[in-house]
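For reference, the structure is listed below as structure tokens.
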Amino acid sequence: MDMELDQTSHHNKDGKPVLVILVGPPGSGKSTFCEEVMRSSSRSWVRVCQDTIGNGKAGTKAQCLTSAARALKDGKSVFIDRCNLNREQRSDFVKLQGETQIDMHALVLDLPAKLCISRSVKRSGHEGNLQGGKAAAVVNRMLQSKELPKLSEGFNRITFCQSESNVKDAVDTYQKLGPLDNLSHGCFGQKNPDSKIQSSIMKFLKKVEVPVDTASKENGIRDSTSKTPGKSDPLCKDMEKIPSAHNNSELGSKDIEGKADKSSSSCHNQVSLDDTPTLAFPSISTSDFQFNHDKAADIIVEKVAEYSNKVGNARLVLVDLTHKSKILSLVKSKAAEKKIDTQKFFTHVGDITRLYSTGGLRCNVIANAANWRLKPGGGGVNASIFDAAGPELESATKNKVKTLSPGNAVAVPLPSSSPLFTREGVTHVIHVLGPNMNPQRPNCLNNDYEKGCKVLQDAYASLFEGFASIVKNQVQQNENLGKKSLELQDQSEQSSRNHSPNTDQKSKRDADHGLEKSKKYKGSQDGFGTTFTGSRDEKVDSEHKRSDGSTRKAWGSWAQALHQIAIHPEKHKDDLLEISEDIVVLNDMYPKAQKHVLVLARTRGLDCLSDVQNEHLSVLKRLHAVGLKWAEKFLSENASLVFRLGYHSVPSMRQLHLHVISQDFESKHLKNKKHWNSFNTAFFRDSVDVMDDVSNNGKATLKHDDKLLSMELRCHRCKSAHPNIPRLKSHISSCQSPFPAYLLKNERLVGA
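When the letters of the sequence shown are read in order and numbered with full-length UniProt numbering, they come out as residues 1 to 752.
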């Protein structure tokens, strides 16, 4: 490997705690490094991050020092997750070795400037809010004053990582560091001790520094995903956008194989447009079937130009495994000549079966270069896709069609149990078969390119038509859903006017509240079902002004379900866990954990926390007492559970309700960032804190900033960051870190 990293560890019955000071600018991967090590290390680690040290919010260096000292005193090893780019910033942490017998390490993430800037500009929901256009200038300023650590500062060991492979080696080294092991002392991996600013960074930054206001105006709602270099960004890894003559505001140049590509490229909508229908497809017939690359490139560009406007806002992405791909290079050049819209079509380097998990590119449909028997095997893309999708794809394909003839394609819906569905979000695989020019394979055309080109044109036409059909069906489903939602609302409003003619007319519900919401209320006479959810999924409902100047929600029809059951519980008694004069208890219909119940107040006029005043303190205490009772009941059945009781600052459903939710978060209904963050950020108000607020101030403190719901996914125990829900779930299933200190106080957790 490039870096001479000493990976040897020495067993010692008196193994010392280790304090590792991470050194690197924003975007260098400090938090990710900690997460990777802590996920599988047998040593007890604590991550101290200044961005979250203040009860999940940014804190001070002093708080970090206190937390680190406490952990070291308890015999735990510590990661200091700050930039620590100069000696002064590191010195106070180095002094901690005078208080406890520890090993003092520095880990320097001295990665390419472009990579750090690209990551920083691209990310959204960052803990320290360093993202977007301003991030480039901040990283630039930090790197100009960078001061690399030296052993003379008091370090026993310094490891320099100057490439992503170096980082992987370092992760492996610290993962293998057992509780009684010590790493060799010394300085490892440094190539240029006198280097301060990486070469050509200033040239690069001249291209990427765009005023935030300008970027915002140009990109509109895509401001959080500003146009950035794509190659090294983990969220748009190896993206090769086709250069566009009219796209002059791109932030940076694309590097391919280490050399600057004069064609500007960007990846400004890969992550923010996760809901954009996207087809990822390989080049058909140019690999094993040995079709001429130049002729194939002409056909790809021709068919992309023909179909790109037929798929609405959807995207087409040509994928190959390497930057050296001849077909990608040819298609990219020819598409640029045709001036094809880069929002509609671009090329991408990566594994077509892991586009989202490794590159942040969400593709709901992928194409498979299949064989005529539609069987797994044969190597290449076909084998990879069948392997990644599991037996579910083979079974679903058999149910759809038995064989496929050249020039045709067939779309197969992917079962939700398929790993490709759960991990990558792929809903359909389109099998497509092109012409064969390989005499070692069946149905060889013997270099008859007149016929071969016709077959390949038909193959791409069939592929894109299949994708267009999928997109059309999805749009139609959404429209039908919207119509049903409005019909339900109209029925509810008519009923409301009949019973209360003076009541304000309810605001119309947005048409995109989601299928999950609508299903809850389908089929009953009044438009409501019998089991309900208080979990927040979307931002809903408008507000009306109260006479005192405050605002009050105008609840949409679907959001009235809990109110209806609280007022008329006798209609739903078979589905309730408990009914009394003042409360109702029921299971959340879409629980976000093993145990998740709602305790509803039956008090009229208490729609949500913003309605609570001092005279309602007894109601809050009653809800809390009932919630505790149910938590203790569940604990008697399963002592390993831990519960948290609290309220959403801005609930999605009417009627004040307390969530009693176990902290395992094992649920198939926990699907997205909003689900997670609504229970694991300040948006979720602990019941004990709400009671204190009302007792002391006469009202509850609400944390209703929508940015809380879009924050990056972080473990609720160790605070490690994760790119998506499947990765987060995998981590929390094995995370043994203690809960944050603030949750362990004031009885916020039950059973911990």
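Where is the CB? At the ideal position from N, CA and C, for every residue including glycine.
- A direct Cα-to-Cα measurement between D169 and A682 gives close to 36 Å.
- The Cβ-Cβ distance between A113 and L96 does not fall below 9 Å.
- For D181, the uninterrupted beta strand (DSSP E) run begins and ends at D181 to L183, by DSSP.
- Partner residues in the beta bridge of G646, as assigned by DSSP, are H659 and D686.
- Listed in chain order, the non-local C-beta contacts of H704 below 8 Å within the same chain comprise S649, V650 and F683, local neighbours out to five positions each way being set aside.
- By the beta-carbon neighbour count (other beta carbons within 10 angstroms, threshold 16), P435 is buried.
- Less than 9 Å divides the Cβ of L72 from the Cβ of I102.
- Ranked by how close their Cα comes to the Cα of I732, the residues M691, I366, A700 and S662 have S662 in first place.
- Setting aside the 5 residues that flank it on each side, G380 is surrounded in the same chain by S287, D288 and A369, each with a C-beta closer than 8 Å to its C-beta; the list follows chain order.
- Note: A721 is bridge-paired with R714 in the DSSP secondary-structure output.
- It is roughly 27 Å from the alpha-carbon of Q50 to the alpha-carbon of V642.
- Taking L19 as the centre and dropping the five residues before and after it, the same chain places the C-beta of A68, L72, S77, V78, I80, F93, L96, Q97, I102, D103, M104 and H105 closer than 8 Å to its C-beta, in chain order.
- For M104, the enclosing beta strand (DSSP E) begins and ends at D103 to L109.
- Distance from the CA of L414 to the CA of L393, rounded to the nearest whole angstrom, comes to 6 Å.
- When secondary structure is reduced to three states using DSSP, N746 falls in the coil class, being assigned neither helix nor strand.
- Inter-residue distance for D588 and E570 is about 18 Å (C-alpha atoms, whole angstroms).
- D458 and Q474 have their C-alpha atoms some 24 Å from each other.
- According to DSSP, I80 shares a beta bridge with I21 and V48.
- K629 is classed as exposed because its beta carbon has fewer than 16 other beta carbons within 10 Å across all chains shown.
- Taken through DSSP and simplified to helix, strand or coil, D341 comes out as coil.
- Contact check for V584 and G627: beta-carbon distance about 12 Å, past the 8 Å limit, so the pair fails to qualify.
- Looking at the DSSP output, K57 sits in a beta bridge with G54.
- By the C-beta criterion, the region 599-608 is judged not to be in contact with the region 711-726, since fewer than 3 inter-stretch pairs fall below 8 Å.
- Between the alpha carbons of N382 and P179 lies a gap of roughly 45 Å.
- Here V301 really is in contact with V331; their C-beta atoms are around 6 Å apart, less than 8 Å.
- At a Cβ-Cβ threshold of 9 Å, G29 and L109 count as neighbours.
- In the DSSP assignment, F679 falls within the alpha helix (DSSP H) that extends over K673 to N680.
- Taking one beta carbon from each stretch, the region 348-355 and the region 313-332 have 3 or more pairs nearer than 8 Å; the two touch.
- As summarised for the region 352-420, the continuous beta strand (DSSP E) elements at least 3 residues long and confined to that stretch are 365-369 and 408-413, given in chain order.
- By the neighbour-count criterion, in which a residue is buried when 16 or more other Cβ atoms sit within 10 angstroms of its Cβ, D607 is buried.
- Within the DSSP bridge table, the entry for G466 names no partner.
- Ranked by Cα distance from Q162, the options T100, G24, E99 and S44 are led by G24.
- The residues V410 and V412, in chain order, have a CB closer than 7 Å to that of K400 in the same chain once the five nearest residues on each side in sequence are set aside.
- L708 places its beta carbon 9 Å or farther from that of N746.
- When the beta-carbon positions are compared, W372 and P439 stay at least 9 Å from each other.
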